[in-house]
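When we follow numbering that gives the first Met the number 0, the leftmost residue of the sequence shown carries the number 0, and every step to the right adds one.
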Amino acid sequence: MAGRNFLFVPGPTNVPDRVLRAMVVAMEDHRSSKFPELTRTLFPDLKKLFNTSDGHVFIFPSTGTGAWEASLVNTLSPGDKVLAPRFGQFSHLWIDMMQRLGLDVDVIEVEWGEGAPPEVIARALAADKAHKIKGVMIVHNETATGVTSDVGAVRKAMDDVDHPALLYVDAVSSLGSIEFQMREWGVDLAVTGSQKGLMLPAGLGIVCASDKALQTMKTAKCKRVFFDFADMQRTNADGYFPYTPALPLLYGLRESLDIIFAEGLDNVIERHERLASGVREAVAAWGLETCCKHPRWSSNTVTAVMTPPNINGAHVIDVAFRRYNLALGAGLSKMAGKLFRIGHLGDLNELMLIGALGGAEMAMADVDIPIELGSGVAAAQHYWRETDPVPKKRVPRAEVVYASHSAGSINA
Ligand code: PLP
Numbered sequence: 000m001a002g003r004n005f006l007f008v009p010g011p012t013n014v015p016d017r018v019l020r021a022m023v024v025a026m027e028d029h030r031s032s033k034f035p036e037l038t039r040t041l042f043p044d045l046k047k048l049f050n051t052s053d054g055h056v057f058i059f060p061s062t063g064t065g066a067w068e069a070s071l072v073n074t075l076s077p078g079d080k081v082l083a084p085r086f087g088q089f090s091h092l093w094i095d096m097m098q099r100l101g102l103d104v105d106v107i108e109v110e111w112g113e114g115a116p117p118e119v120i121a122r123a124l125a126a127d128k129a130h131k132i133k134g135v136m137i138v139h140n141e142t143a144t145g146v147t148s149d150v151g152a153v154r155k156a157m158d159d160v161d162h163p164a165l166l167y168v169d170a171v172s173s174l175g176s177i178e179f180q181m182r183e184w185g186v187d188l189a190v191t192g193s194q195k196g197l198m199l200p201a202g203l204g205i206v207c208a209s210d211k212a213l214q215t216m217k218t219a220k221c222k223r224v225f226f227d228f229a230d231m232q233r234t235n236a237d238g239y240f241p242y243t244p245a246l247p248l249l250y251g252l253r254e255s256l257d258i259i260f261a262e263g264l265d266n267v268i269e270r271h272e273r274l275a276s277g278v279r280e281a282v283a284a285w286g287l288e289t290c291c292k293h294p295r296w297s298s299n300t301v302t303a304v305m306t307p308p309n310i311n312g313a314h315v316i317d318v319a320f321r322r323y324n325l326a327l328g329a330g331l332s333k334m335a336g337k338l339f340r341i342g343h344l345g346d347l348n349e350l351m352l353i354g355a356l357g358g359a360e361m362a363m364a365d366v367d368i369p370i371e372l373g374s375g376v377a378a379a380q381h382y383w384r385e386t387d388p389v390p391k392k393r394v395p396r397a398e399v400v401y402a403s404h405s406a407g408s409i410n411a
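Written out as structure tokens, the structure is:
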């Protein structure tokens with residue numbers, strides 16, 4: 000198909016050309032005396048992204064799922080009790096992993112479309128007088144439903160009842176896109192992957208562990224080899240890895256961190272918020288609902304759009320892909336067929352999103368969802384024009400034209 004593919008799944012996200020070029024490197028000796036020059040910069044810069052100066056960052060050749068596992072096996076023992084709300088496919092999969100690792104999971108069932116419930120967590124912790132619960136696991140941004148939970152409120156709930164459990168947070172589809180305050184929220188293990196806000200291909204599983212989390216390694220009895228934090232710490236101290244690192248991805252990571260810090264992390268987060276708000280305006284203009292049940296949980300990285308009950312969301316996705324070369328995210332598990340997801344994270348701007356919204360409109364119209372073509376695009380355009388901080392700073396157009404004429408040789 001002519002033209003480019005519009006990739007609007009909520010990960011993997013578009014990889015900027017600069018990052019793609021940075022990854023085209025010859026292989027090199029990862030035990031050379033020069034190699035640490037690259038790796039030594041990555042650890043502190045990743046900490047800046049997590050917003051902490053505490054603890055240790057681990058970079059595994061893996062994915063978010065591997066990072067989940069690493070966070071668990073290094074800090075817990077089989078049979079340990081943990082507490083986890085389930086409110087979407089990713090919280091479900093993390094719980095499934097905990098159970099398969101032999102942990103005793105107290106699952107708090109939450110309607111899909113809602114966020115983690117701090118008050119229910121507080122009640123469960125208050126009832127745990129013997130402090131048997133060793134960890135509370137929260138998916139910050141549930142990518143399956145487009146819901147962002149209030150991690151600060153969960154921390155407060157834990158503090159209010161003075162409970163010592165570790166706080167584990169999946170930041171796979173939030174880090175580098177939605178505000179994440181590891182230190183302020185007292186997160187002990189934050190987990191992410193490379194293919195979302197970091198704008199890289201999949202292939203890195205990253206964990207940031209607090210000092211408190213690192214202490215628990217000494218007593219944690221879950222079996223671990225590949226994901227052993229201790230092996231990593233020993234070699235990372237000198238800028239090396241216990242096994243062959245994924246070299247191109249590390250060069251790509253260096254570049255993506257440079258891009259994020261050049262824009263400014265706060266600006267990146269603000270951009271995601273503006274873009275997401277425009278998408279939500281579009282959904283409202285279509286007369287459709289999002290899966291997210293309340294605006295306070297609206298995700299700034301993914302919007303899950305409910306299709307009318309008689310329309311299979313998978314048809315919208317298939318038509319968008321086959322006819323318009325637009326990749327939208329599918330409904331997962333319980334949500335299969337009920338929705339489609341628009342990913343809006345990473346290397347993205349308004350015009351790219353207008354393409355996605357326009358394509359989604361055409362696909363919806365093709366499967367007989369009664370929306371007005373152009374309505375969502377127009378709503379997003381209005382929103383973005385009205386909230387764009389840049390035009391006020393721009394040089395008026397006439398001055399630009401005048402300047403370019405006088406600088407040239409036409410009138411000379
Ligand atoms: N957690 C969340 C919130 C996710 O969105 C994903 C993947 O989309 C994962 C975990 C699993 O990550 P990976 O596919 O990198 O293993």
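Even for Gly, the Cβ is constructed at its ideal location relative to N, Cα and C.
Which two residues bound the contiguous alpha helix (DSSP H) that contains residue i?
| i | result |
| --- | --- |
| F49 | 35-49 |
| F89 | 88-99 |
| M363 | 349-365 |
| M421 | The structure shown has nothing for residue 421, since the chain only spans 0 to 411. |
| T234 | 228-235 |
| L197 | Counting along the chain, L197 falls outside any alpha helix (DSSP H), and DSSP gives it neither H nor E. |
| F5 | Careful: F5 lies outside any alpha helix (DSSP H), inside the beta strand (DSSP E) at 5-7. |
| V315 | 312-323 |
| M216 | Element bounds for M216: n/a, residue is neither H nor E. |
With a threshold of 7 Å (Cβ to nearest heavy atom), would residue i be considered close to the ligand PLP?
| i | result |
| --- | --- |
| F5 | no |
| D169 | yes |
| V275 | According to the sequence displayed, residue 275 carries Ala and not Val. Because no heavy atom of the ligand PLP lies under 7 Å away, the Cβ of A275 does not count as near it: no. |
| S76 | no |
| A303 | no |
| G336 | no |
| G10 | yes |
| F57 | no |
| P172 | Note that residue 172 is Ser in the sequence shown here, rather than Pro. The answer is yes for S172. |
| Q180 | no |
| A129 | no |
| V153 | no |
| A69 | no |
Specify, as a first and last residue, the run of the beta strand (DSSP E) that residue i falls within.
| i | result |
| --- | --- |
| K80 | 80-85 |
| H55 | 55-60 |
| E108 | 103-108 |
| V72 | Counting along the chain, V72 falls outside any beta strand (DSSP E), though it belongs to the alpha helix (DSSP H) covering 63-72. |
| K333 | Unbroken run through K333: none, as it is neither H nor E. |
| D169 | 165-169 |
| K133 | 132-138 |
Short check: CB of residue i to CB of residue j, under 8 Å?
| i | j | result |
| --- | --- | --- |
| P294 | T142 | no |
| A212 | L188 | yes |
| R279 | S297 | yes |
| M193 | N140 | Just to set this straight, residue 193 is Ser in the shown sequence, not Met. Cβ atoms of S193 and N140: not closer than 8 Å. |
| R253 | L37 | yes |
| H162 | L124 | yes |
| G101 | P77 | yes |
| F59 | V138 | no |
| M363 | I353 | no |
| N50 | M181 | yes |
| L246 | E27 | yes |
| L197 | I132 | no |
| T243 | A66 | no |
| S176 | T289 | no |
I believe residue i touches residue j by the beta-carbon criterion, under 8 Å. Please report the beta-carbon distance rounded to the nearest angstrom.
| i | j | result |
| --- | --- | --- |
| T74 | A201 | At roughly 24 Å, the Cβ-Cβ gap does not stay under 8 Å, so T74 and A201 are not in contact. |
| I120 | V146 | At roughly 16 Å, the Cβ-Cβ gap does not stay under 8 Å, so I120 and V146 are not in contact. |
| G336 | G204 | Their Cβ separation, rounded to whole angstroms, is 30 Å, which puts G336 and G204 out of contact at 8 Å. |
| G291 | T144 | Going by the sequence as given, residue 291 is Cys instead of Gly. With 8 Å as the limit, C291 and T144 qualify as a contact, their Cβ atoms being about 6 Å apart. |
| E360 | L372 | 5 Å |
| G357 | G342 | With a Cβ gap of about 16 Å, G357 and G342 do not count as contacting. |
| E178 | I268 | 5 Å |
| V72 | C221 | 4 Å |
| F57 | G238 | Actually they do not touch by this definition, with Cβ atoms about 14 Å apart. |
| W111 | K333 | 6 Å |
| S209 | Y382 | Incorrect: roughly 38 Å between the Cβ atoms, too far for contact. |
| A284 | L325 | Going by Cβ atoms, the distance from A284 to L325 rounds to 19 Å, so no, they are not a contact pair. |
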